[in-house]
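All remarks here apply to the structure that follows.
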Amino acid sequence: MTRMSGAPRKQQGVTLFGLIVILAVLGCIGVLVAKVTPTTIEYFSIKKAIASARTAGTTVQEIQNAFNKQAEVGYIDAIAGKDLDITKNGDDVQISFAYQKKIPLVGPVSLLIDYAGSTAKP
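Reading the sequence shown from the start, the letters are residues 3 to 124 in this note's numbering.
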């Protein structure tokens, strides 16, 4: 029988407890992403809708109505045409919006996201 010489080999890897902690953290991140994604998609839909409404009308009422039609088709319920801030400088029309979205997470804990956008060029 031969005996190995030198220091004993140390095992490497993740313990069961470490694996459980890693999976719990990844699960929390996954739930957070799953809850935030729909509001982010809605935000980008609103940005597209105001860009479309800007070209669809010349008066404030026409722009609001065009946005409301786009909102109905795009399932946008965060804001309506009356919530848009529409300004005119000669022939140039700028539309902007801002709103908050409260996303309940667990019990009394919620995530509050401020969304804002405009058709103005940066």
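Cβ atoms here follow ideal geometry from the backbone N, Cα and C, with glycine treated the same way.
Can you tell me whether isoleucine 52 is buried or exposed, with buried defined as 16 or more other CB within 10 angstroms of its CB?
Reading the sequence shown from its first residue, position 50 is the one you call residue 52. Around the Cβ of isoleucine 52, a 10 Å sphere holds 16 or more other Cβ atoms; the residue is buried.
Inter-residue spacing [alpha-carbon to alpha-carbon] between valine 108 and aspartate 116
Along the sequence shown, one-based indexing puts residue 108 at 106. Along the sequence shown, one-based indexing puts residue 116 at 114. CA-CA distance, valine 108 to aspartate 116, rounds to 20 Å.
The beta strand (DSSP E) enclosing threonine 89, as first and last residue numbers:
The sequence position of residue 89 within the sequence shown is 87, counting from 1. Threonine 89 -> beta strand (DSSP E) spans 87-91.
Starting from glycine 32 and walking both ways along the beta strand (DSSP E), at which residues does that stretch end?
As a working mapping, residue 32 is identified with position 30 in the sequence shown. Element bounds for glycine 32: not the beta strand (DSSP E) but the alpha helix (DSSP H), 18-58.
Excluding sequence positions up to five away, which residues of its chain have a Cβ less than 6 Å from the Cβ of serine 98?
As a working note, residue 98 is residue 96 in the sequence shown. The residues are Asp87 and Ser120.
Among Leu113, Lys123, Pro110 and Lys103, which residue has its Cα nearest to the Cα of threonine 41?
If you number the sequence shown from 1, residue 41 lands on position 39. Nearest option by C-alpha distance: Lys103.
Using DSSP with H/G/I as helix, E/B as strand and the rest coil, what is lysine 123?
Counting from 1 along the sequence shown, the entry for residue 123 is found at position 121. In this structure, lysine 123 counts as coil in the three-state DSSP scheme.
With DSSP collapsed to three states, give me the class of alanine 82.
Against the sequence shown, residue 82 aligns to sequence position 80. Alanine 82 falls in the coil class under three-state DSSP.
Would you decide whether alanine 73 is buried or exposed? Buried here means 16 or more other CB atoms lie within 10 Å of its CB.
Residue mapping note: residue 73 aligns to position 71 of the sequence shown, counting from 1. Result: buried.
Considering just the uninterrupted stretch of the beta strand (DSSP E) at glutamine 72, what are its terminal residues?
Translated into positions along the sequence shown, residue 72 becomes position 70. Element bounds for glutamine 72: not the beta strand (DSSP E) but the alpha helix (DSSP H), 62-75.
With three or more beta-carbon pairs closer than 8 Å as the criterion, would you say the region 71-85 touches the region 34-49?
With a cut-off of 8 Å, the region 34-49 and the region 71-85 count as touching, because enough Cβ pairs lie within range.
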